[in-house]
Amino acid sequence: MLIWQWGLIASSALLFVVLIFTFLRYLSLKKQVNSSDSEKSDNAKSSQGDDISAEEKEQWLGLLKEQKNICAQLLSNVPASDFQNKAALSCWSIFLEVEIKIIEQSVPHSEVMGLLDAFKSLLSKIDKAQEIDALFKSLKVNQSILNELNKIIQRASDKVSAQVNITSELNAQLEKLRNELKNEVSLDDSLALLRAEMASLCEFAERLKLHLDTVKDEEGSAQYIDALETFLDEAKESTFLNSMRSELDSKVADLKQLAEYQKEIIADLKEKVREAKEGGR
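In my numbering, the protein residues as written are 709 to 989.
Below, the structure written as structure tokens:
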């Protein structure tokens with residue numbers, strides 16, 4: 709409901725209270741005038757009292773008609789969809805019309821209260837309608853608050869879900885790093901075996917050279933010496949040793965690649981941890 713509508717309701721209630729007060733005041737004054745008239749014996753004073761009562765009656769009628777015009781103007785400005793305010797203003801307009809008729813027709817005080825009682829049920833219904841409207845607005849406000857709370861909870865749930873996803877990804881990266889480290893251990897073992905084999909071959913070649921020198925000094929069989937020299941010459945260019953060197957170079961390259969990959973994973977893990985910390989703030 710708009711502010712001007714609330715102002716309209718407040719002004720209607722205020723005018724209604726003023727009307728009740730003025731009407732009761734009018735009845736009190738009228739009663740006093742009637743009692744004073746009954747005590748006066750001469751017709752001159754009685755006619756003078758009647759003239760004063762008629763003058764006051766015109767003043768009250770003018771005031772009530774002015775209020776009725778204000779009510780009609782307010783009623784014309786109320787939107788058709790605002791049933792509550794239209795009903796309140798219509799009730800006020802009818803009440804003013806009844807007051808005007810009561811004053812114009814000089815209805816006795818005993819009958820006036822019966823006419824006014826008819827408005828009690830209408831006013832009670834209007835009060836209930838306003839109470840229901842206030843409750844409905846309160847429910848709408850509470851619903852809006854609940855919607856905002858649901859949005860906050862959803863955002864918090866999304867953050868928690870994102871953090872869980874980051875944690876899962878971190879665990880996967882760590883598991884992958886562990887597997888790579890296991891492979892690194894096996895590569896180290898393979899390299900150690902290759903080094904041992906190459907060392908054995910080199911030691912064997914050195915022993916053959918020493919044995920060849922000994923055979924030459926002892927002037928052994930020339931054919932045997934030629935065979936040893938041929939074997940040593942061929943061993944220098946042996947395809948087996950070359951393949952061993954190639955395999956060793958390949959293992960070293962794998963180790964370098966694994967080291968680079970480990971650096972990338974560690975950098976990625978640091979970035980994920982930083983994002984997780986920022987997301988938790």
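Note that CB positions come from ideal geometry on N, CA and C, so glycine has one too.
**Prompt:** For ASP758, which residues from the same chain have a beta carbon less than 7 Å from its beta carbon, with the 5 sequence-adjacent residues on both sides left out?
**Reply:** Counting from one through the sequence shown, the residue named residue 758 turns up at place 50. At ASP758 the pLDDT is 47, less than 50, meaning the model places this residue with poor confidence; the figure from the coordinates comes in the next sentence. Here the set comprises nothing.
**Message:** Closer than 8 Å is the cut-off here; do at least three beta carbon pairs connect the stretch 844 to 855 with the stretch 786 to 796?
**Reply:** no
**Asked** Since LYS884 contacts ILE973 with CB under 8 Å, what's their CB separation in whole angstroms?
**Response** Against the sequence shown, residue 884 aligns to sequence position 176. Against the sequence shown, residue 973 aligns to sequence position 265. With 8 Å as the limit, LYS884 and ILE973 qualify as a contact, their Cβ atoms being about 7 Å apart.
**Message:** Quick check on SER755: buried or exposed, where buried means 16 or more other Cβ atoms within 10 Å of its Cβ?
**Reply:** Within the sequence shown, residue 755 is the residue found at index 47, counting from 1. Reliability of the predicted coordinates at SER755 is poor, the pLDDT of 45 falling under 50, and no value is obtained from them.
**Prompt:** Is the Cβ-Cβ distance between GLU807 and LEU772 less than 8 Å?
**Reply:** On the sequence shown, position 99 is the one that residue 807 refers to. On the sequence shown, position 64 is the one that residue 772 refers to. In this structure, LEU772 lies closer than 8 Å to GLU807 by Cβ.
**Request:** Count the other CB atoms, across all protein chains shown, that sit within 10 Å of the CB of LEU804; report buried if there are 16 or more and exposed otherwise.
**Result:** Indexing the sequence shown from 1 puts residue 804 at position 96. Classification for LEU804: buried.
**Prompt:** Can you tell me whether VAL786 is buried or exposed, with buried defined as 16 or more other CB within 10 angstroms of its CB?
**Reply:** Within the sequence shown, residue 786 is the residue found at index 78, counting from 1. By the neighbour-count rule (16 or more Cβ atoms within 10 Å), VAL786 is buried.
**Prompt:** Relative to the C-alpha of TRP800, which residue among GLN965, ILE728 and GLU839 is closest?
**Reply:** Residue mapping note: residue 800 aligns to position 92 of the sequence shown, counting from 1. Here the closest residue by C-alpha is ILE728.
**Request:** Evaluate CYS779 with the Cβ neighbour count: other Cβ atoms within 10 Å of its Cβ, from every protein chain shown; 16 or more gives buried, anything less gives exposed.
**Result:** Taking the sequence shown and counting its residues from 1, one reaches residue 779 at position 71. Buried is the call here.
**Request:** Classify ASP790 as helix, strand or coil using the three-state DSSP reduction.
**Result:** As a first step, residue 790 is located in the sequence shown; it is residue number 82 there, counting from the start. If DSSP states are grouped into helix, strand and coil, ASP790 belongs with coil.
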